[in-house]
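Note sheet for the following structure.
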Amino acid sequence: MNMLARPTGPGSATGGEPSAGAPGMRGLRARWLGLALETHISLPLFALALLGAMWFGTLHVIESERRAAVLATRDATQELLDTYEAQLARSLSAIDQTLRVLKYAVEQNGPTGALPALAAKGLLPPGLVFQVEISDASGRIVASNPASTQRDLARTAWFEFHRQTRDDVPFVSLTSQGEGAQEPTVHFSRRINDAAGRFSGVAVVALDPAYFTSGYERSRQGDRGLLGMAGTDGVLRALRVGETVSWGQRFALGAHGGVAAGTTARGAPVLKAVVRSVASRPMSSFPLVAVAGLSEAEQMAEFYQGRRAWLLGAGAASALLIAVVILVSAWSWQLAKARRRERLAQETYAAASEASPDAFFVLRTVFGPRGEVRDFMVATTNSRAERFTSLSKQQMAAKPISGLLPPSISQSIFDDLAAVARDGIARETEWQAQTMPQPGVWLHRQAVAVEGGVVVIVRDITERKVGEQRIRHLAHHDDLTGLPNRSLLRERLGKAIVTAAEAGRAVGLAFIDLDGFKLVNDTLGHNAGDELLKVVGARMHRCLRRDDTLARFGGDEFVILLPELAGDPMAIAPLLERVREAVTEPVLVEGQEVQVSCSIGVTFYPRDGVSANALMMHADVAMYRAKELGSNNVQYYVSEMNESVDEKLVLLEGLRAAIDTCAEDYPGPCQFQLLYQPKIDLRTNCLFGVEALIRWHHPEQGLVSPLRFIGLAEESGLIVPIGDWVLRTACAQAQQWRTDGLPPVSVSVNVSARQFEDKRLVERVADALRTSGLPANGLEVEVTESLIMRDLGRSVDKMRELEAMGVALSIDDFGTGYSSLSALKSFPISRLKIDKSFVADLADSPDDQAIAMAVISLGHMLDLRVIAEGVETEQQRDFLRANDCDEMQGYLFSRPLPAGDIARLLAGGAGDAHARCIQ
C-alpha cells in the first residue's frame, strides 16, 4: 500500500450530489454485475449449475432403471402366478375328481363298500398323500383310508355346511392341527345323498397344506418369495415363504377376489418386514384364491447395485469438481481480497485520519546527492494536523518540514525522522510543548517508516499525564488525610539518609501514636475517628518546617521525617513540643468536644542506626517507652530500651506457659490464682458479693502485677483463654461456697474487649454455669462503657442474651467513656460502677463530688444500683453513704482475699476486721 498516494474522498469529488431514481438503480445493478463477474463468485455458480445438470441426469437414469426393474418384477410375479395357478388347478381338479368318485362309489356300493370297490379297481388315491373319509348322516366316520380312529364329524364346519346346503358344491375347511402329533390338514368335502335325495353323509379328502406349496422354487423365488392358497373368506389355508410353511393368517383380497400386482401384502406375520410384489387369482372349481409374490429386495438387487455405482460415480465427479472449484476460487478470492484490502485501506485511512483525534502527517523523504536524508516534504495531512500547526492543508502541502517547525525543536524532530527513514525502526517520543499548539501541552509523537517516506502521528496526551500524576499521588499519599503514606515515607527516608551521609549531617525520625484515639473511635464511631485524624494531622503539619515530612503510618500512628539536621540534633525538641501541644488541644467532633494526647518516640541517623528499617524500629521502641511512662510525652531512643522489648517477649512466652499449667490434665499447680474483693452494701454494711481478680505467680519473677500482663494478653489474644479460665474458676468457687453451707454471694467477673467480641461468649458463660452448677443469678458480668460503644447494636443484643439466661450485668469504670444517655437507657444492666479515678479525691475535689452525685442520681433514675470502687477512707465512704450510693468496694473494708479467707469471712469466724458485716 502506498501511503504517499493522495487519498480520495468526499473532499476531492467533483460535481453535484448524485441524482436519485433510475441512475441510482443502474449504478446498483452495475455494482452487482461487476461483483458477479468476479472469478471466485462466477466459477462456483457455474460449477453449481454443472453439478445440478449432472445430478439431474444421474437421478433420471436411476429412476428409469428403477421403473424398468419394478415392471420386470411385476411381470415375473404374474408369470409366477400363472405357473402356480396351473399347478394348483391340477391339484384341485384331482381332489375334486376323487370326491366325485367317492360320492359315486358310495351311491353304488354303500358307505362301507365304497372304498373296497375303489381299491379293487385301482381308483383309490394313495394314502400317503390323501386322507379319505366317509361319514354317515350322523357324522360318524364309517370308512377311511388309511384307517383312522373313530371320530365324530357332526360338529365340523364342513359337515354342518353340507347338511344345511342341498347344492352339490365342494367345501374347503380352514387348516387345522389335529390332536397329539397329527400333521396339519386341509379338508375338501362334498355332500352325499341317498336314493331319495336326502342327506346321508359327507365324502372328505384331507391333505397337508404343504402339498399345495410344494412347487416353491428357491432358484426362482429366492428366500423371501411367497406362494399361498387362500379362501374367499380371506384366510390362508397354506402359505410358504422360503422354507417356512404356515396357515391361518388373514389376507386382504382386492376387488373381484384378487390383489393387484405390485401391492404389498402385510396380512401375515411372515410378511410384515418384507416389501413384495404380490398377485392373486381366484380358482374356478373351489372357493380358493392362488397367491404368489416376489421380494422386491431380491428381485431388484441388480438395480440397487447399479444405482450404487451411478451414485458413487456422480459423487466422485462432484467431489473432484468441487475441489477444483474451491482451489481456483480460493486463489481468485485471495487476489480479490488483496485488491479490496488495498482499496479499503486507502478509504479507511482517508476516513480515519479525518475522524481521528490525532494529527497525521504523511511525509516524503527528500534525499541528497549521496543518498543522505536532506529533508521531508509534506505529502498529505488531516484536519487535526491543521489545528496543531494552525496551517491549512494547502499551506502545508509539498512544503519541507524544516520550514514549518519552530527552530527550537526542528533539529531534534528532523534527526528522529531521519533515523526512522534510514533503519525502518519506529520511534516514539513524549515532550511538553513550548509554543504550538499551546504552551504546557503534553504531546506524544510516533514515527513509522513506509514506502518512500515516514508517517508521523502526533497525539495530545495532557489528560493522560494529569491522570498519571493523580494516580502517582494516590499511590503515595493517605486517602483520608492527604498526607504521605508509608511507601512515600520510606522513599524519602532513604533519600534523606543518602543525602545526610554525603553532607555529613543527621536525620531525625519521630514516631507518633495518639493516646486515647481508640476510645474515641470505639465510642463515637469511625466517622468521628476519621474526622479527628484529619484535624490532628493538619495541626501537626502546621508545626513543621518546609522540608519536613509528616506521614500517616497507619491507624492512629504518624511519622515525622526531619532531614538535614545540622549541629546538635536535640535542637528539634522545641518543634516536637509544639507538635505535642497542638495534638492535645480539644477537638469538636460531631458536636462533642474530645481531647487526645500523643506519645512520641524519636531516633537519629547515624547515632541510632544507619538503615531505614533500624531507624523505624528504634523510633517505635522509643514511642512505646513514652506510652509506658504515662503517655503524652517525648522519649529519645537509647539502646537500653530494647531491653524492655525483650522483657515483653519473655513475659508473653511465660503467659503461654502459664495457660498450659491451668489445663485440667496438667500435673503441676496452676500459675494463675483468683483473689476475691468483697463488695459491701452501704445501708446494711454487709457483704453481698465479691469481684474475682486474677493474679499470676511466675515461676521465676514471682507475683506479676495484672498491670504488666493484662494489656499484653489483650494485645496478643491470650486474654480469651485466660478469661475463660477466670469465668470457670470463679463460678466453680462461688458454687463451692454454697455447697459448704455458707451464705450465697454473687461473684463478678470482668470481661475484656476480646472476650466480649468472641462469638462464643454467651455459649462459654452458659457452659461455665452448667459445669459448676452455679445458678445464673449468682454470676455478674462486668463490661466497660467503651467496650459496649464499639458496636452498640451487637453489644446490646449480646447483653440481652446474657440477661435472658438470668445473668446480671454491670458497667465498669462508668464515666470514663463517651456513651450517651439514650444509649445507656437501652443497656440491659442492673448496676453502675463509679470509676476509682472519681473516688480517689472525693473528699477534697468538688468536681469529683459533682460527678459522683450525678452518676448516683442517674443510676437511681434508671432504676439501677450504684457501686463505687477504690474506697479507701472513711471520708469517701461517708460521702457516698450521705448521697445514697448503694454499694462500695475497696481497701477500707478489705483488700482482695484468697477463696479460703472469703469462706471464713462469710462464716463470721475471723473477728471484727473480717466480719461479714461492719460493726
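Read in order, the letters of the sequence shown correspond to residues 2 to 920 in my numbering.
For each residue, glycine too, the CB sits at the ideal point set by N, CA and C.
DSSP state of residue 217, grouped into three classes? The residue labelled residue 217 in the question sits at position 216 within the sequence shown. Coil at residue 217, not helix or strand.
Buried or exposed: residue 113, going by 16 or more other Cβ atoms within 10 Å of its Cβ? Here residue 113 corresponds to residue number 112 of the sequence shown, with the count starting at 1. With fewer than 16 other Cβ atoms within 10 Å, it is exposed.
Quick one: give me the first and last residue of the beta strand (DSSP E) that residue 382 is part of. As a first step, residue 382 is located in the sequence shown; it is residue number 381 there, counting from the start. Counting along the chain, the beta strand (DSSP E) containing residue 382 begins and ends at 374-382.
Within 8 Å, do at least three Cβ pairs link the stretch 524-540 to the stretch 488-501? no
Return helix, strand or coil for residue 738, following the three-state DSSP convention. Start at 1 with the first residue of the sequence shown, and residue 738 comes out as number 737. It is helical.
Beta-bridge partners of residue 928, as assigned by DSSP: It is not possible to answer for residue 928, since the shown part of the chain is limited to 2 through 920.
Let's test the definition: count the other Cβ atoms within 10 Å of the Cβ of residue 811 and tell me whether it reaches 16, buried, or not, exposed. By one-based count along the sequence shown, residue 811 stands at place 810. With 16 or more Cβ atoms within 10 Å of its Cβ, residue 811 is classed as buried.
So the beta strand (DSSP E) residue 704 belongs to, where does it begin and stop? The residue labelled residue 704 in the question sits at position 703 within the sequence shown. Unbroken beta strand (DSSP E) run through residue 704: 703-705.
Count the other CB atoms, across all protein chains shown, that sit within 10 Å of the CB of residue 922; report buried if there are 16 or more and exposed otherwise. Absent from the structure is residue 922, since the part of the chain shown begins at 2 and ends at 920.
Residues near residue 668 in its chain [Cβ-Cβ closer than 6 Å; skip 5 each side]: Start at 1 with the first residue of the sequence shown, and residue 668 comes out as number 667. So the list is empty, once near-sequence residues are dropped.
Answer with buried or exposed for residue 248, where buried requires no fewer than 16 other C-beta atoms within 10 angstroms of its C-beta. Within the sequence shown, residue 248 is the residue found at index 247, counting from 1. By the neighbour-count rule (16 or more Cβ atoms within 10 Å), residue 248 is buried.
Could you check what DSSP says for residue 660 in three-state terms: helix, strand or coil? Within the sequence shown, the letter at position 659 stands for residue 660. Three-state DSSP puts residue 660 in a helix.
Inspect the beta-carbon positions of residue 533 and residue 590 and report whether they are closer than 9 Å. The residue given as residue 533 occupies position 532 in the sequence shown. The residue given as residue 590 occupies position 589 in the sequence shown. Yes. Within cutoff.
Residue 778 classed as buried or exposed, judged by whether at least 16 other C-beta atoms fall within 10 angstroms: Here residue 778 refers to the residue found at position 777 of the sequence shown. Classification for residue 778: exposed.
Determine the contact status of residue 636 and residue 658, defining contact as a CB-CB distance below 9 Å. As a position in the sequence shown, residue 636 is number 635, starting the count at 1. As a position in the sequence shown, residue 658 is number 657, starting the count at 1. Their beta carbons are not under 9 Å apart, which means residue 636 does not touch residue 658 by this criterion.
Where residue 432 falls, given that 16 or more other Cβ within 10 Å makes a residue buried: By 1-based counting over the sequence shown, the position of residue 432 is 431. Residue 432 should be labelled exposed.
Option in 512, 504, 559, 298 with minimal Cα separation from residue 567: Walking along the sequence shown from the start, residue 567 turns up at place 566. That would be 504, whose Cα lies nearest to the Cα of residue 567.
Classify residue 665 as helix, strand or coil using the three-state DSSP reduction. On the sequence shown, residue 665 is found 664 positions in, with the first residue counted as 1. In the structure shown, residue 665 sits in coil (DSSP, three-state: anything other than H, G, I, E or B).
Please classify residue 360 as buried or exposed, where buried requires at least 16 other C-beta atoms within 10 Å of its C-beta. Position 359 of the sequence shown holds residue 360. Buried: at least 16 other Cβ atoms inside 10 Å.
Between which residues of its own chain and residue 724 is the CB-CB distance below 7 Å, once the five residues before and five after are set aside? The residue given as residue 724 occupies position 723 in the sequence shown. Result list for residue 724: 752, 753, 756, in chain order.
For residue 348 and residue 46, the rounded distance between their alpha carbons: Counted from its first residue, the sequence shown places residue 46 at position 45. Counted from its first residue, the sequence shown places residue 348 at position 347. Going from the Cα of residue 46 to the Cα of residue 348 covers about 30 Å.
What is the rounded straight-line gap between the Cα of residue 629 and the Cα of residue 906? What you label residue 629 is simply residue 628 of the sequence shown in a count that begins at 1. What you label residue 906 is simply residue 905 of the sequence shown in a count that begins at 1. Going from the Cα of residue 629 to the Cα of residue 906 covers about 38 Å.
Since residue 493 contacts residue 562 with CB under 8 Å, what's their CB separation in whole angstroms? One-based indexing of the sequence shown puts residue 493 at position 492. One-based indexing of the sequence shown puts residue 562 at position 561. Their Cβ separation, rounded to whole angstroms, is 6 Å, which keeps residue 493 and residue 562 in contact under 8 Å.
Pull up the CB-CB distance for residue 291 and residue 82, whole angstroms please, since I reckon it's below 8 Å. For the purposes of this step, residue 291 is taken as the residue at position 290 of the sequence shown. For the purposes of this step, residue 82 is taken as the residue at position 81 of the sequence shown. Indeed they touch by this definition, with Cβ atoms about 6 Å apart.
Can you give me the start and stop residues for the beta strand (DSSP E) that residue 432 sits inside? Your numbering for residue 432 matches position 431 in the sequence shown. Looking at the DSSP string, the run of the beta strand (DSSP E) that includes residue 432 is 428-433.
Checking 9 Å against the spacing of the C-beta atoms, do residue 365 and residue 454 come in under that value? As a first step, residue 365 is located in the sequence shown; it is residue number 364 there, counting from the start. As a first step, residue 454 is located in the sequence shown; it is residue number 453 there, counting from the start. The answer is yes: Cβ separation under 9 Å.
Relative to the alpha-carbon of residue 1, which residue among 555, 472, 141, 851 has its alpha-carbon at the smallest distance? Here the chain comprises residues numbered 2 to 920, so residue 1 is not present and cannot be evaluated.
Considering only residues of the stretch 507-533, which uninterrupted alpha helix (DSSP H) runs meet the minimum length of 4 residues and lie entirely inside it, listed in chain order? 518-525
Residue 496 - DSSP class collapsed to helix/strand/coil: In the sequence shown, counting from the first residue as 1, residue 496 sits at position 495. Residue 496 falls in the helix class under three-state DSSP.
My parser needs the alpha helix (DSSP H) runs of 4 or more residues fully inside the stretch 844-900; what are they? 847-862, 875-883
Length of the line joining the Cα atoms of residue 815 and residue 762: By one-based count along the sequence shown, residue 815 stands at place 814. By one-based count along the sequence shown, residue 762 stands at place 761. Distance between the alpha carbons of residue 815 and residue 762: 22 Å.
Let me know the secondary structure DSSP gives residue 634 once reduced to three states. Residue 634 sits at position 633 when you count from the first residue of the sequence shown. Residue state, collapsed to three classes: coil.
To which residues of the same chain is residue 730 closer than 7 Å at the C-beta, ignoring the five residues directly before and after it? Taking the first residue of the sequence shown as position 1, residue 730 is located at position 729. So the list reads 675, once near-sequence residues are dropped.
Own chain partners of residue 606 with C-beta closer than 7 Å, once the 5 adjacent residues on each side are dropped: For this step, residue 606 is matched to residue 605 along the sequence shown. Taken in chain order, the residues that qualify are 498, 501, 507, 508, 616.
Among 78, 565, 586, which one has its Cα closest to the Cα of residue 293? As a working mapping, residue 293 is identified with position 292 in the sequence shown. Residue 78 is the option with its Cα nearest to residue 293.
Would you tell me roughly how many angstroms separate the C-alpha atoms of residue 834 and residue 797, rounded to the nearest one? Numbered from 1 along the sequence shown, position 833 holds the residue referred to as residue 834. Numbered from 1 along the sequence shown, position 796 holds the residue referred to as residue 797. Roughly 18 Å between the two C-alpha positions.
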